[in-house]
Amino acid sequence: MSNVKPAPTQCLGPVYRSESQKPTAAVSTGVEFDTVTILPQTPQLIALLSIIRDKSTQRGDFIFYSNRIIRLLVEEGLNHLPTVEHTVTTPVGRPYDGLSFQGKICGVSIMRAGEAMEQGLRECCRSVRIGKILIQRDEESAQPKLFYDKLPEDIADRWVLLLDPMLATGGSAIMAVDVLKARGVPEERILFLNVLASPQGIQNFATKFPKLRVVTAFVDQGLDEKNYIIPGLGDFGDRYYTM
Amino acid sequence: MPSSMAADSRTPVNGAASETDGTIATRAHYAPPWADVSIIGIAGSSGSGKSTLSHAIVNKLNLPWVVILSMDSFYKSLDEESSRKAFRSEYDFDAPDAIDFDVLVDRLRDLKAGKRAEIPVYSFEKHARLERTTSIYSPHVLILEGIFALYDPRVLDLLDMKIFCEADGDTCLSRRILRDQRDRGRDIEGIIKQWFAFVKPNFEKYVDPQRKVADIIVPRGVENHVAMSMVVQFIQQKLLEKSTHHRAALTRLELEVQSERLSPRVTIMNQTSQMQGMNTIIHDIDTSSEDFIFYFDRLSALLVEQALNNIPFVPVEITTPQACTYAGLRPRGEVSAVIVLRGGATLEAGLHRCITDCKTGRMLIQSNVRTGEPELHYLVLPPDIHRHEAVLLLDAQMSSGGSALMAVQVLVDHGVRVDRIVLVTYSAGRMGLHRLTKVFPDISVVVGQVVPDIEERWVEKKYFRC
Numbered sequence: 001m002s003n004v005k006p007a008p009t010q011c012l013g014p015v016y017r018s019e020s021q022k023p024t025a026a027v028s029t030g031v032e033f034d035t036v037t038i039l040p041q042t043p044q045l046i047a048l049l050s051i052i053r054d055k056s057t058q059r060g061d062f063i064f065y066s067n068r069i070i071r072l073l074v075e076e077g078l079n080h081l082p083t084v085e086h087t088v089t090t091p092v093g094r095p096y097d098g099l100s101f102q103g104k105i106c107g108v109s110i111m112r113a114g115e116a117m118e119q120g121l122r123e124c125c126r127s128v129r130i131g132k133i134l135i136q137r138d139e140e141s142a143q144p145k146l147f148y149d150k151l152p153e154d155i156a157d158r159w160v161l162l163l164d165p166m167l168a169t170g171g172s173a174i175m176a177v178d179v180l181k182a183r184g185v186p187e188e189r190i191l192f193l194n195v196l197a198s199p200q201g202i203q204n205f206a207t208k209f210p211k212l213r214v215v216t217a218f219v220d221q222g223l224d225e226k227n228y229i230i231p232g233l234g235d236f237g238d239r240y241y242t243m
Numbered sequence: 001m002p003s004s005m006a007a008d009s010r011t012p013v014n015g016a017a018s019e020t021d022g023t024i025a026t027r028a029h030y031a032p033p034w035a036d037v038s039i040i041g042i043a044g045s046s047g048s049g050k051s052t053l054s055h056a057i058v059n060k061l062n063l064p065w066v067v068i069l070s071m072d073s074f075y076k077s078l079d080e081e082s083s084r085k086a087f088r089s090e091y092d093f094d095a096p097d098a099i100d101f102d103v104l105v106d107r108l109r110d111l112k113a114g115k116r117a118e119i120p121v122y123s124f125e126k127h128a129r130l131e132r133t134t135s136i137y138s139p140h141v142l143i144l145e146g147i148f149a150l151y152d153p154r155v156l157d158l159l160d161m162k163i164f165c166e167a168d169g170d171t172c173l174s175r176r177i178l179r180d181q182r183d184r185g186r187d188i189e190g191i192i193k194q195w196f197a198f199v200k201p202n203f204e205k206y207v208d209p210q211r212k213v214a215d216i217i218v219p220r221g222v223e224n225h226v227a228m229s230m231v232v233q234f235i236q237q238k239l240l241e242k243s244t245h246h247r248a249a250l251t252r253l254e255l256e257v258q259s260e261r262l263s264p265r266v267t268i269m270n271q272t273s274q275m276q277g278m279n280t281i282i283h284d285i286d287t288s289s290e291d292f293i294f295y296f297d298r299l300s301a302l303l304v305e306q307a308l309n310n311i312p313f314v315p316v317e318i319t320t321p322q323a324c325t326y327a328g329l330r331p332r333g334e335v336s337a338v339i340v341l342r343g344g345a346t347l348e349a350g351l352h353r354c355i356t357d358c359k360t361g362r363m364l365i366q367s368n369v370r371t372g373e374p375e376l377h378y379l380v381l382p383p384d385i386h387r388h389e390a391v392l393l394l395d396a397q398m399s400s401g402g403s404a405l406m407a408v409q410v411l412v413d414h415g416v417r418v419d420r421i422v423l424v425t426y427s428a429g430r431m432g433l434h435r436l437t438k439v440f441p442d443i444s445v446v447v448g449q450v451v452p453d454i455e456e457r458w459v460e461k462k463y464f465r466c
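Top to bottom, those sequences are chains A and B.
Numbered according to UniProt numbering, the first sequence spans residues 1 to 243.
Numbered according to UniProt numbering, the second sequence spans residues 1 to 466.
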């Protein structure tokens, strides 16, 4: 498998611990795109990923721990939204110079695995509108094909959080962005939230959409001959919904 | 009265803190208030009104955490022969020999050092110590009452005040008959036999001479209101002195550290735009309760996620469904939490979003309205907490650091290593952070935001809506 690179490793832990006190683990492969944000490789994040990667992890734990990672992705993604300065008075009567959120948002999940990220999104953004896009691989051409979409009518006026936990070749994510752009959403107002990506997928996606921001928890080593992410975590949708 | 405020007199609980031993020299000096319990000894003849006086003092003092310790708990267990004698009312319970002074002194010393003490439970029906013990933990005032409360010189050294109760002999005998019949299941004949065989001669030989070492002799027990007020006033004065000392020690800590940088073990949350936006909503007096709770829960989950980066991990090799291996991490052992009530309970929703089944201890620490000093009112911890790899200590706000210092010390007293404690708090003042990390340099702290100075506890008011 020539397109699988060895994973970089690192001692992980708080700064006040010496290197010898910190355990070593495989961390995300780096990427060269400014638009791509990889979550800080904290020991806690690596531990969460270790749980959902483990093939012996049961569905209940898979759901719980992947949800924790997704919440961290959403929290990081929301930081890319605009804010304005805003001063309030606190309950103890002192002024507080803060920020207020600007711009309307909505979520769009790429079915089926992307829907697994909706709960995490809702835990951070109550009553958020969520559109859905169904893209499946056409059996004859082996190319992704749009089967269904249902999106908020005013989506062109909103910031869009596009949800898909796995980015392998990037085929369906690219198609989903094309759908959004056709509805009038400018590229720079789309945030793609992703749990696990392959370097190839990131490369394809970020090259195609240079203004679109990507937030991912981890860039893995590569793809196998069936285009599965390696070492990966299996089929996210199956593990979340049916296994 | 000399003050026994010895700043570094505390020693770690057995096996608790070998790691902290090495750092004691560099630690700032701080004696938590309960490390300096006031012990009052009340001696006097059987039936002279010692326990009535003790209860009256408790009522008059009207303080939380006043404990009465009866010396009856320290009767020696009887061997078979003595036990037979005891059942025939021929055993001398009223001689100093019947009391296990060694155990008593040990327990009093533990309490004086601010440690938990296991008090034996004695059964008068069985004339033996029971298996179970009663735990006493860090009282403000301890009243030791018993006919020989002022007998052992080692006990006398530990007492802050020595009281001797005096009563007329006939009064004593009649009270004794009533009590032993009612509470100890004895018959009148046995009681009277004991009185003349043991109680009276022992009184003259051992009990009465204790009046020579007493600070105050109280005639006529509880009916003596003047003596009662004197005793209560004295104790109050003593507590005020100690509290002044305690707060002076806190101020000293503050002066020592004002100019220094925060410890590297203090993590202040990155002030991202979301964090600032959430903080703004939380701080806005006009925010609805629904929004306040929603954003506070969201933020507290992030605090807990950050705190969990401070727990110990070990490498683990994972096999993925693709049959590949991944060099990951897993927590080294159990992580539990302790909520400092009431404020800490605001972080519980966030805690459970990260660890659904987290074992959770609770302690109620309240600042004394009069002195501003923290007081421990309630404590329940997971029994195996000293074996947990990490303990998250949750509180909503920290200003002077007084209650956080107390909470950490309580955990240390229960065998939790300081380097395993992660204090998680929504906001903290620099002063409090300095104090805490100066006293406990090995503690990790995760703070949502650093606020300039002392602030009242408004977060819990808003979160719980009262």
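In this text, a Cβ means the ideal position worked out from N, Cα and C, and glycines have one as well.
Given the structure is predicted, the values throughout are model-derived calculations rather than measurements.
Residue of the options minimising C-alpha distance to residue i
i	options	result
glycine 103 (chain A)	A:Trp159, A:Glu187 and A:Tyr228	A:Trp159
alanine 113 (chain A)	A:Ala173, A:Gly13, A:Asp54 and A:Asp138	A:Ala173
leucine 173 (chain B)	B:Ile339, B:Pro331, B:Ser46 and B:Val335	B:Ser46
valine 141 (chain B)	B:Glu460, B:Pro382, B:Ile285 and B:Lys112	B:Lys112
aspartate 208 (chain B)	B:Leu423, B:Gly44, B:Ile385 and B:Glu305	B:Gly44
isoleucine 42 (chain B)	B:Trp458, B:Arg330, B:Ile143 and B:Ser399	B:Ile143
alanine 248 (chain B)	B:Pro452, B:Phe464 and B:Arg435	B:Arg435
glutamate 153 (chain A)	A:Lys132, A:Glu139 and A:Thr57	A:Lys132
glycine 170 (chain A)	A:Gly184, A:Asn194 and A:Arg59	A:Asn194
glycine 448 (chain B)	B:Thr325, B:Thr437, B:Lys461 and B:Asp297	B:Asp297
serine 77 (chain B)	B:Leu262, B:Arg186, B:Cys165 and B:Pro120	B:Pro120
glutamate 85 (chain A)	A:Gly237, A:Asp97, A:Asn79 and A:Val92	A:Asp97
aspartate 164 (chain A)	A:Glu188, A:Val15, A:Gly201 and A:Phe101	A:Gly201
isoleucine 230 (chain A)	A:Gln136, A:Glu187 and A:Ala168	A:Ala168
glutamine 237 (chain B)	B:Gln210, B:Asp160 and B:Pro201	B:Asp160
alanine 197 (chain B)	B:Pro139, B:Phe124, B:Met269 and B:Phe93	B:Phe93
isoleucine 311 (chain B)	B:Leu150, B:Val446, B:Glu260 and B:Pro321	B:Val446
arginine 265 (chain B)	B:Val424, B:Ser288, B:Ser300 and B:Leu376	B:Val424
proline 14 (chain A)	B:Ala337, B:Ala307, B:Ile355 and B:His352	B:Ala307
proline 96 (chain B)	B:Phe440, B:Asp152, B:Glu118 and B:Ala86	B:Asp152
valine 314 (chain B)	A:Asp138, A:Pro6, A:Ala25 and A:Arg17	A:Ala25
Residues that residue i bridges to, as DSSP identifies them
i	result
tryptophan 159 (chain A)	A:Ile105
phenylalanine 87 (chain B)	Per DSSP, none; premise fails for phenylalanine 87 (chain B).
threonine 83 (chain A)	A:Phe101
glycine 49 (chain B)	Per DSSP, none; premise fails for glycine 49 (chain B).
methionine 398 (chain B)	B:Ala428
serine 135 (chain B)	B:Glu118
threonine 346 (chain B)	Looking at the DSSP assignment, threonine 346 (chain B) forms no beta bridge with any residue, so it has no partner.
cysteine 466 (chain B)	BP columns for cysteine 466 (chain B) are empty, so no partner.
tyrosine 96 (chain A)	A:Val88
proline 331 (chain B)	B:Phe313
Whole-angstrom C-beta distance between residue j and residue i, which should lie under 8 Å
i	j	result
isoleucine 163 (chain B)	isoleucine 177 (chain B)	24 Å between Cβ atoms; not a contact.
tyrosine 463 (chain B)	threonine 346 (chain B)	4 Å
isoleucine 99 (chain B)	tyrosine 75 (chain B)	6 Å
proline 199 (chain A)	valine 215 (chain A)	Between valine 215 (chain A) and proline 199 (chain A) the Cβ distance is about 16 Å, and since that is not below 8 Å, they are no contact.
valine 408 (chain B)	leucine 394 (chain B)	12 Å between Cβ atoms; not a contact.
serine 403 (chain B)	glutamate 455 (chain B)	In fact, because the Cβ distance is near 14 Å, the residues do not count as touching under 8 Å.
methionine 363 (chain B)	valine 340 (chain B)	6 Å
valine 4 (chain A)	glutamine 203 (chain A)	With 8 Å as the limit, valine 4 (chain A) and glutamine 203 (chain A) do not qualify as a contact, their Cβ atoms being about 14 Å apart.
leucine 212 (chain A)	threonine 29 (chain A)	Not quite, the Cβ-Cβ distance comes to about 20 Å (not below 8 Å), so this is no contact.
serine 70 (chain B)	serine 51 (chain B)	7 Å
methionine 111 (chain A)	leucine 134 (chain A)	4 Å
valine 88 (chain A)	histidine 283 (chain B)	6 Å
tyrosine 65 (chain A)	glutamine 322 (chain B)	Actually they do not touch by this definition, with Cβ atoms about 18 Å apart.
beta-carbon residue i near the ligand HEM non-hydrogen atom, thresh 7 Å
i	result
glutamate 166 (chain B)	The ligand HEM is not among the ligands present in this structure, which contains no ligands whatsoever.
Residue-chain proximity (residue i, chain E), Cβ-Cβ < 8 Å
i	result
leucine 99 (chain A)	The chain inventory of the structure shown lacks chain E, comprising the protein chains A and B.
Open item on the list: I'd like to know if the stretch 273–280 of chain B and the stretch 71–87 of chain A are in contact, where contact means that at least 3 CB-CB pairs between them fall below 8 Å.
Closed with: Taking 8 Å as the limit for Cβ pairs, the verdict is that the stretch 71–87 of chain A does touch the stretch 273–280 of chain B.
Task: Uninterrupted alpha helix (DSSP H) stretches inside the stretch 155–231 of chain B (no shorter than 4 residues) - done: Fully enclosed alpha helix (DSSP H) runs of 4 or longer: 169–183 and 188–194.
TODO: Take every Cβ of the stretch 326–334 of chain B, pair it with every Cβ of the stretch 39–49 of chain A, and state whether three or more of those distances are shorter than 8 Å.
DONE: Between the stretch 326–334 of chain B and the stretch 39–49 of chain A there are three or more inter-stretch CB-CB distances shorter than 8 Å, so the stretches are counted as touching.
TODO: Can you check the stretch 109–169 of chain A for any alpha helix (DSSP H) of at least 4 residues that lies completely inside it and give the ranges in chain order?
DONE: Along the length of the stretch 109–169 of chain A, whole alpha helix (DSSP H) runs at least 4 residues long occupy 118–124, reported in chain order.
TODO: Taking 8 Å as the threshold, find out whether the stretch 414–424 of chain B comes into contact with the stretch 383–392 of chain B through three or more Cβ pairs.
DONE: Result yes; three or more Cβ-Cβ pairs closer than 8 Å.
Open item on the list: In chain order, what are the residue ranges of uninterrupted beta strand (DSSP E) at least 3 long that sit wholly in the stretch 24–61 of chain A?
Closed with: For the stretch 24–61 of chain A, the continuous beta strand (DSSP E) assignments of 3+ residues that do not extend past its boundaries occur at 24–26 and 36–38, in sequence order.
Task: the stretch 227–243 of chain A in contact with the stretch 53–67 of chain A per 3-pair CB rule at 8 Å - done: Three or more pairs of CB atoms, one per stretch, sit closer than 8 Å, so the stretch 227–243 of chain A contacts the stretch 53–67 of chain A.
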